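Below is one structure; the comments refer to it alone.
There are 2 protein chains.
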Amino acid sequence: MATRTPRPELAEARERGFHNIGEASGQTQVSAKMIRHYESIGLIPPAARTFANYRLYSDADLHRLRFIHRARNLGFPIKQIEKLLGLWNDPGRNSAEVRQLARAQIAELDARIREMQAMQRSLEALAHHCHGDERPECPILDDLAGIVA
Amino acid sequence: MATRTPRPELAEARERGFHNIGEASGQTQVSAKMIRHYESIGLIPPAARTFANYRLYSDADLHRLRFIHRARNLGFPIKQIEKLLGLWNDPGRNSAEVRQLARAQIAELDARIREMQAMQRSLEALAHHCHGDERPECPILDDLAGIVA
DNA sequence: CTTGACCTTGCCATCATGGGAAGCCCGAAG
DNA sequence: CTTCGGGCTTCCCATGATGGCAAGGTCAAG
């Protein structure tokens with residue numbers, strides 16, 4: 001019989017298509033640190049473990065991590081990604097719900113962009129009026145100091 | 001003799017033009033919480049105190065807080081505000097230095113805006129191709145799942 | 001004196017991420 | 001078999017700016 005002690009168990013798991021956290025990280029662009037974090041907050045289910053307590057990831061797990069990574073790159077916060085994952089795994093979903101999430105994210109980005117653009121306009125006006133030489137007079141500081149002038 | 005016990009000392013200080021933290025907050029738009037925080041990180045010097053340990057702010061202190069508030073509204077992070085305050089208090093400053101800080105902040109905003117705009121463009125392209133009806137097919141999820149199609 | 005509003009400090013939470021320490025594990029080389 | 005580098009584990013801390021809450025002291029008005 002081939003029932004051996006559970007020593008070379010990681011290698012065995014790898015032969016069966018599993019990946020340790022380092023591999024998972026390398027193949028999904030998600031840092032090992034963040035993979036553990038996502039597990040701790042319940043965004044991904046607890047990973048399988050070897051006898052030595054190493055995390056094991058299946059190809060499906062990697063798929064999920066890549067999904068998360070792409071969603072993060074689109075600026076989705078974790079809470080929204082949870083919903084997206086739920087819809088992804090729901091065969092009876094309505095695409096309307098997904099699009100709604102995307103639209104909400106677009107609006108969110110829009111709000112933040114507008115805010116920053118307003119800051120930019122103010123700064124540019126101020127910088128424009130500042131000589132920017134060796135003299136101390138500076139409309140930028142005057143404005144910050146509240147000298148409406 | 002008028003040397004009384006230090007009881008009605010806050011009222012006295014107020015008569016001399018000082019403000020407690022609530023007033024300071026109301027007059028500068030900076031929350032009491034943040035005023036204490038700014039003190040704890042050294043952005044503003046430790047406030048004077050009454051015998052009862054209440055913080056006291058002079059008009060100059062309020063001026064400083066308003067300066068900070070305006071700089072925050074322009075998106076400056078605390079570290080940059082420290083520098084701005086230093087320049088503000090330096091009669092021998094070069095306005096070039098101030099303008100340089102403003103330009104750096106503009107560039108910083110620009111980078112963040114561009115990043116978000118890129119996200120927006122991707123999201124809009126995806127949302128555009130999604131039917132958004134009761135059917136489950138969804139190019140948004142397909143993209144997140146890595147289906148390059 | 002009581003009461004309500006305000007002040008104090010301190011700790012926790014956010015959001016997503018990185019850094020580091022202490023200790024165990026694996027695989028390869030000697 | 002021993003050793004050694006690198007990878008894994010958990011746990012704690014830090015970021016940046018802000019809010020919230022709790023326990024306790026203080027002030028001012030009634």
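Top to bottom, those sequences are chains A and B. Position 126, counted from 1, in the first sequence is what the working numbering calls 126; the numbers after and before it change by one each time, with no gaps. Position 26, counted from 1, in the second sequence is what the working numbering calls 26; the numbers after and before it change by one each time, with no gaps. Don't be surprised by glycine CBs; every beta carbon is placed ideally from N, CA and C. Every value quoted in this text rests on a predicted model; they were computed, and no experiment measured them.
Local Cβ density within 10 Å of residue i, reported as buried at 16 or more and exposed below that
i	result
Val148(A)	exposed
Arg64(B)	buried
Pro6(A)	For Pro6(A), the predicted model reports a pLDDT of 44, less than 50, meaning its position is unreliable; a value from the coordinates is still stated below. Answer is exposed; the Cβ neighbour count stays below 16.
Gly132(A)	buried
Arg99(B)	buried
Ile106(A)	buried
Ile44(B)	buried
Pro46(A)	exposed
Phe51(B)	exposed
Arg135(A)	exposed
Sequence-distant residues of its chain with Cβ nearer than 6 Å to residue i (five each side left out)
i	result
Arg177(A)	A question about residue 177(A) goes unanswered here, because the residues of chain A that appear run from 1 up to 149.
Residue-level contact to chain B via CB, residue i, 8 Å cutoff
i	result
Glu39(A)	no
Ala136(A)	This sequence places Pro at residue 136(A); Ala is not what is there. Interface residue, yes.
Leu62(A)	no
Arg72(A)	no
Asp110(A)	yes
Arg103(A)	yes
Gly146(A)	yes
Arg49(A)	no
Pro91(A)	yes
Ser58(A)	no
Ser95(A)	yes
Arg36(A)	no
Ile21(A)	no
Chain A within 8 Å of residue i, Cβ atoms only
i	result
Val152(B)	Any property of residue 152(B) remains undetermined from this structure, which presents chain B solely from 1 to 149.
Pro124(B)	Reading the sequence as shown, one finds Glu at residue 124(B) and not Pro. For Glu124(B), the answer is yes, since a Cβ of chain A falls inside 8 Å of its Cβ.
Phe150(B)	Residue 150(B) lies beyond the range of chain B shown here (1 to 149); nothing can be said about it.
Phe67(B)	yes
Leu141(B)	yes
Ile113(B)	yes
Ala52(B)	no
Ala127(B)	yes
Gly26(B)	no
Ile78(B)	no
Own chain residues within Cβ distance below 8 Å of residue i, not counting five before or after
i	result
Glu137(B)	His131
Euclidean distance between Cα positions of residue i and residue j
i	j	result
Thr3(A)	Ala60(A)	Below a pLDDT of 50, predicted positions are generally treated as unreliable, and Thr3(A), at 38, falls in that range; the measurement from the model is reported next regardless. Thr3(A) and Ala60(A): Cα-Cα distance of roughly 28 Å.
Leu84(B)	Phe18(B)	25 Å
Ser95(A)	Ala104(A)	14 Å
Glu124(A)	Asp142(A)	15 Å
Pro139(A)	Ser58(B)	25 Å
Met1(A)	Arg16(A)	Confidence at Met1(A) is low in this model, with a pLDDT of 37, below 50, so the placement of that residue is unreliable and no value is reported for it.
Ala48(B)	His37(B)	15 Å
Nearest-angstrom Cβ-Cβ length linking residue i and residue j, presumed shorter than 8 Å
i	j	result
Trp88(B)	Ala145(A)	7 Å
Leu74(A)	Ser122(B)	6 Å
Ser25(A)	Ser31(A)	6 Å
Leu62(B)	Gln27(B)	6 Å
Arg72(B)	Met116(A)	The Cβ separation is near 13 Å, so there is no contact.
Beta-carbon proximity list for residue i, same chain, < 7 Å, skipping 5 on both sides
i	result
Leu101(A)	Gln80, Lys83, Leu84
Ile35(B)	Ile21, Ala24, Ser25, Leu65
Residue i Cβ short of 7 Å to the ligand FAD heavy atom set
i	result
Pro46(A)	Among the components modelled here there is no ligand, and therefore nothing to report on the ligand FAD.
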